[in-house]
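**Student:**
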Amino acid sequence: MGNQNTKQTTSTIFQGMKYSALDPLETNYEQAITVLTPFQSLKNLPVPFSEPQCVLHKHEILICGGYKKSDCYSYHTIKNKYKYICDYPQSIFLNGHCVMKLVDNSSYENNNEITLLSLGRYCEHTLVMKYISVWNDDNGDNNDNNDNNDNDIKKFKKPNNYNQWVSLVSNDNHIIRITRHEDDYQGMRAVIGGSNSHLLFITYRQNNISVYNLKTFKFIKRDILPIDDVIWYHCFVSKSENGQEENNIEKKGRKNEMLLFCKKIGLSIKYDEDNNTFQFRQLSVCEDIEIFNYYAYVHINNAILFFGGHCREGNKYVTSKAIHKYLIQENSWITFEYTLPIPLYKCFGILNEDNTCIHIIGGSDDKENTVPIHVKTNVNEWIASHLVRLLAAFQTIFFFNAYNKFIKMSSTKKSTVKTRSQNHLSTLDSNFRDKIRMD
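Numbering-wise (the numbering used here), the sequence shown opens with residue 2 and increments by one.
(1) Starting from Trp334, trace the beta strand (DSSP E) in both directions and tell me its first and last residue.
(2) Please give me, in chain order, every unbroken run of the alpha helix (DSSP H) with length at least 4 that falls completely inside the region 59-96.
(3) Beta-carbon separation of Cys124 and Ser92 under 8 Å?
(4) For Gly17, collect the residues of the same chain with a Cβ closer than 6 Å to its Cβ; drop the 5 residues on either side in sequence, then sort them by chain order.
(5) Terminal residues of the continuous beta strand (DSSP E) containing Glu114?
(6) Taking 7 Å as the cut-off, does the CB of Ile177 come closer than this to any heavy atom belonging to the ligand HEM?
(7) Could you please give the first and the last residue of the uninterrupted beta strand (DSSP E) stretch that includes Tyr298?
(8) When the Cα of Lys265 is compared with those of Ile305, Glu288, Tyr272, which residue comes out closest?
(9) Name the residue from Glu291, Pro39, Gly194 whose alpha carbon lies nearest to the alpha carbon of Glu314.
(10) Provide the residue span of the beta strand (DSSP E) that contains Ile270, from first to last.
(11) Return the bridge partner residues of Gln280 from the DSSP annotation.
(12) Specify, as a first and last residue, the run of the beta strand (DSSP E) that Val170 falls within.
(13) Hey, His300 and Cys263 are a contact pair by Cβ (cut 8 Å); roughly how many whole angstroms apart?
(14) Under the rule that 16 or more other beta-carbon atoms within 10 Å means buried, what is Glu369, buried or exposed?
(15) Within 10 angstroms of the Cβ of Ile179, are there 16 or more other Cβ atoms? Answer buried if so, exposed if not.
(16) Can you give the Cα-Cα distance for Asp355 and Tyr205, rounded to whole angstroms?
(17) Is Tyr213 helix, strand or coil by DSSP?
(18) Would you kindly check if the distance between the Cβ of Thr378 and the Cβ of Ser348 is under 8 Å?
(19) Give the straight-line distance between the Cα atoms of Gly267 and Ala297, rounded to the nearest whole angstrom.
(20) Where do the ends of the beta strand (DSSP E) carrying Asp224 lie?
(21) If you drop the 5 nearest sequence neighbours on each side, which residues of the same chain put their C-beta closer than 6 Å to that of Lys222?
(22) Throw me the rounded Cβ distance for the Trp166 and Met130 pair, which I believe falls under 8 Å.
(23) Just the Cα atoms here: how many angstroms apart are Asn316 and Ile232?
(24) Residues in the same chain with beta-carbon distance under 6 Å from Tyr327, minus the five sequence neighbours each way, listed in chain order, please.
(25) For Cys99, which residues in the same chain have their Cβ closer than 7 Å to its Cβ, ignoring the five residues on either side in sequence?
(26) What residues in its chain sit with their C-beta under 8 Å from that of Leu57, if we drop five residues either side in the sequence?
(27) Determine the contact status of Ser42 and Gly363, defining contact as a CB-CB distance below 8 Å.
(28) Going residue by residue through the region 342-391, where are the continuous beta strand (DSSP E) segments of at least 3 residues, counting only ones entirely within it?
(29) Just mark Pro25 as buried or exposed, buried being the case when its beta carbon has 16 or more other beta carbons within 10 Å.
(30) If you run the structure through DSSP and keep just helix, strand and coil, what is Asn140?
(31) Can you tell me whether DSSP reads Met1 as helix, strand or coil?
(32) Pull up the distance between the alpha-carbon of Asp184 and that of Leu284, whole angstroms please.
(33) Could you please give the first and the last residue of the uninterrupted beta strand (DSSP E) stretch that includes Cys312?
(34) Would you mind sorting Pro344 into buried or exposed? The rule is 16 or more other CB atoms within 10 Å of its CB.
(35) What residues are listed by DSSP as bridge partners for Lys102?
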């Protein structure tokens with residue numbers, strides 16, 4: 002679905018630097034990063050990941066497997082180091098899986114512990130992990146100068162029943178399967194919502210959305226999205242994510258709003274808990290991104306940032322390095338001048354703890370090579386530029402209006418003076434002619 006008035010281009014504060022988004026791509030992505038200043042190169046991933054799934058826990062980004070990769074690692078955002086957590090069970094084959102952090106509003110005894118949920122199409126897995134930080138081990142690994150830790154990345158003494166993937170079981174110890182055999186969940190996306198953070202919303206191909214109650218372990222509703230294309234490896238976020246919308250239940254009611262984008266599809270999805278009903282509304286999609294999916298995305302400050310993407314055009318595949326921004330309140334788009342260091346897809350985007358940096362992790366390049374890339378960029382580079390643009394537009398309008406008013410006032414004054422002068426000259430001329438006649 003095209004969008005009128007959406008193709009806008011803006012640049013960051015690095016506008017003066019000698020770099021063009023059309024410059025030839027450097028063969029080495031680390032060299033490319035030195036050219037494209039808004040991105041900072043971080044330590045390479047321990048192994049290359051395509052389709053990684055990541056979750057934030059304080060100063061850690063938990064990397065929970067990827068396509069055909071069962072390894073799980075913790076990346077410390079301050080130390081710029083990785084530590085091994087565990088592997089997925091050998092029986093699990095990962096291809097388009099989804100991992101998220103469960104929210105337990107009643108948990109108060111230990112905020113250092115979180116629970117992860119992993120869903121996958123293949124082997125129809127539904128797994129959970131109780132995670133405690135691997136950086137709090139007894140080896141005293143708090144020394145940033147201890148480079149030997151990198152060679153010992155898989156040494157960690159984990160407590161029993163922690164930091165390992167196990168089957169989700171009900172209160173009476175029955176194994177729970179959230180995914181269904183008859184559905185195709187490859188490339189699914191899911192978010193957690195509900196008035197008590199107890200609802201799991203899953204979107205998956207062809208055009209399905211399901212609501213699952215994490216407290217009762219039962220499906221509440223399944224529905225068909227009003228779209229005419231397949232969704233997978235798409236963008237799916239809660240509108241109230243990261244505390245960006247008021248969480249006042251009395252004001253907000255028991256309603257959940259989510260946003261979904263995939264190629265030409267843009268949807269606002271509202272779910273009413275009380276009535277168990279969905280409402281859908283079409284959203285604009287800019288022409289520059291409407292052929293892509295497989296992008297990384299991040300929801301921040303009433304905007305969604307999209308990084309890279311992939312599509313098929315005729316007999317060839319196209320991988321993007323473009324960066325786009327969807328403005329939620331305005332329902333409009335911005336295409337940035339600056340880009341990713343390399344064309345990238347099947348990568349993951351995630352914010353750090355204080356929402357100041359965006360990390361882009363893993364993925365595949367335009368040669369379909371899985372790359373160990375890990376870069377970060379300052380949020381202000383992509384959010385502030387919009388504010389600067391709005392301020393500049395406001396200043397331009399204010400100056401233009403003030404200038405027009407000044408010109409109008411000046412013209413009025415000149416016209417008045419000119420009229421008075423003409424009247425005076427006319428009077429003088431008339432008196433002079435009368436005097437000649439008298440003479």
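The C-beta atom is built at its ideal place from N, Cα and C for all residues, glycine as well.
**Tutor:** The structure says:
(1) As a working mapping, residue 334 is identified with position 333 in the sequence shown. Trp334 -> beta strand (DSSP E) spans 333-337.
(2) none
(3) Within the sequence shown, numbered from 1, the residue matching residue 124 stands at position 123. Within the sequence shown, numbered from 1, the residue matching residue 92 stands at position 91. Taking 8 Å as the Cβ cut-off, Cys124 and Ser92 qualify as a contacting pair.
(4) Indexing the sequence shown from 1 puts residue 17 at position 16. Confidence at Gly17 is low in this model, with a pLDDT of 31, below 50, so the placement of that residue should be treated as unreliable; the coordinate-derived value is given next. Same-chain partners within the cutoff: there are none.
(5) One-based indexing of the sequence shown puts residue 114 at position 113. For Glu114, the uninterrupted beta strand (DSSP E) run begins and ends at 114-120, by DSSP.
(6) As presented, the structure is devoid of all ligands, the ligand HEM included, so that no description of it is given.
(7) The residue given as residue 298 occupies position 297 in the sequence shown. That run of the beta strand (DSSP E) goes 297-301.
(8) Counting from 1 along the sequence shown, the entry for residue 265 is found at position 264. It is Glu288.
(9) The residue labelled residue 314 in the question sits at position 313 within the sequence shown. Nearest of Glu291, Pro39, Gly194 to Glu314, Cα basis: Glu291.
(10) Residue numbering aside, residue 270 sits at position 269 when the sequence shown is read from its first letter. Here the beta strand (DSSP E) through Ile270 covers 266-273.
(11) Here residue 280 is taken as the residue at index 279 of the sequence shown, counted from 1. DSSP lists Lys271 as partners of Gln280.
(12) Position 169 of the sequence shown holds residue 170. No beta strand (DSSP E) contains Val170, which DSSP labels as neither H nor E.
(13) Translated into the one-based positions of the sequence shown, residue 300 becomes position 299. Translated into the one-based positions of the sequence shown, residue 263 becomes position 262. That belief does not hold up - the Cβ atoms of His300 and Cys263 are roughly 16 Å apart, past 8 Å.
(14) Numbered from 1 along the sequence shown, position 368 holds the residue referred to as residue 369. Exposed, because fewer than 16 other Cβ atoms sit within 10 Å of the Cβ of Glu369.
(15) As a first step, residue 179 is located in the sequence shown; it is residue number 178 there, counting from the start. Note on Ile179: 16 or more other CB atoms within 10 angstroms of its CB, so buried under the neighbour-count rule.
(16) Residue 355 sits at position 354 when you count from the first residue of the sequence shown. Residue 205 sits at position 204 when you count from the first residue of the sequence shown. For Asp355 and Tyr205, the distance between alpha carbons rounds to 31 Å.
(17) Mapped onto the sequence shown, residue 213 falls at position 212. Three-state DSSP puts Tyr213 in a strand.
(18) What you label residue 348 is simply residue 347 of the sequence shown in a count that begins at 1. What you label residue 378 is simply residue 377 of the sequence shown in a count that begins at 1. A quick correction: the sequence has Cys, not Ser, at residue 348. No; because the gap between Cβ atoms is not below 8 Å, this pair is not in contact.
(19) Within the sequence shown, residue 267 is the residue found at index 266, counting from 1. Within the sequence shown, residue 297 is the residue found at index 296, counting from 1. One C-alpha to the other measures close to 16 Å.
(20) Working through the sequence shown from its first residue, we reach residue 224 at position 223. 219-225 is the span of the beta strand (DSSP E), which, as asked, contains Asp224.
(21) The sequence position of residue 222 within the sequence shown is 221, counting from 1. Hits under 6 Å: Val212, Asn277.
(22) As a position in the sequence shown, residue 166 is number 165, starting the count at 1. As a position in the sequence shown, residue 130 is number 129, starting the count at 1. So it is a contact: roughly 5 Å between Cβ atoms.
(23) Stepping through the sequence shown from its first residue, residue 316 is reached at position 315. Stepping through the sequence shown from its first residue, residue 232 is reached at position 231. Just so you know, the alpha carbons of Asn316 and Ile232 end up roughly 21 Å apart.
(24) For this step, residue 327 is matched to residue 326 along the sequence shown. Cβ neighbours of Tyr327 beyond the five flanking positions: Ile305, Trp334.
(25) Position 98 of the sequence shown, counted from the first residue, corresponds to residue 99. Gln54, Leu120, Met189, Arg190, Ala191, listed in sequence order.
(26) Counted from its first residue, the sequence shown places residue 57 at position 56. Close CB contacts of Leu57 within its chain, under the 8 Å cut and outside five residues either way in sequence, are with Leu63, Lys102, Ile351, Leu352, Asn353, Glu354 (chain order).
(27) Along the sequence shown, one-based indexing puts residue 42 at 41. Along the sequence shown, one-based indexing puts residue 363 at 362. Contact flag unset, no.
(28) 349-352, 358-362, 375-379
(29) In the sequence shown, counting from the first residue as 1, residue 25 sits at position 24. Any reading at Pro25 is ruled out, since the residue's pLDDT is 38, under 50, leaving its predicted position unreliable.
(30) Here residue 140 corresponds to residue number 139 of the sequence shown, with the count starting at 1. For Asn140, the predicted model reports a pLDDT of 49, less than 50, meaning its position is unreliable; a value from the coordinates is still stated below. Asn140: coil per DSSP, three-state reduction.
(31) Residue 1 cannot be examined here, being either before or after the span of the chain that is shown, 2 to 440.
(32) Mapped onto the sequence shown, residue 184 falls at position 183. Mapped onto the sequence shown, residue 284 falls at position 283. If I take the Cα positions, the gap works out to 26 Å.
(33) By 1-based counting over the sequence shown, the position of residue 312 is 311. Element bounds for Cys312: 304-314.
(34) As a position in the sequence shown, residue 344 is number 343, starting the count at 1. The residue in question, Pro344, is buried, as its Cβ has 16 or more Cβ neighbours within 10 Å.
(35) As a working note, residue 102 is residue 101 in the sequence shown. Answer is Leu117, bridged to Lys102.
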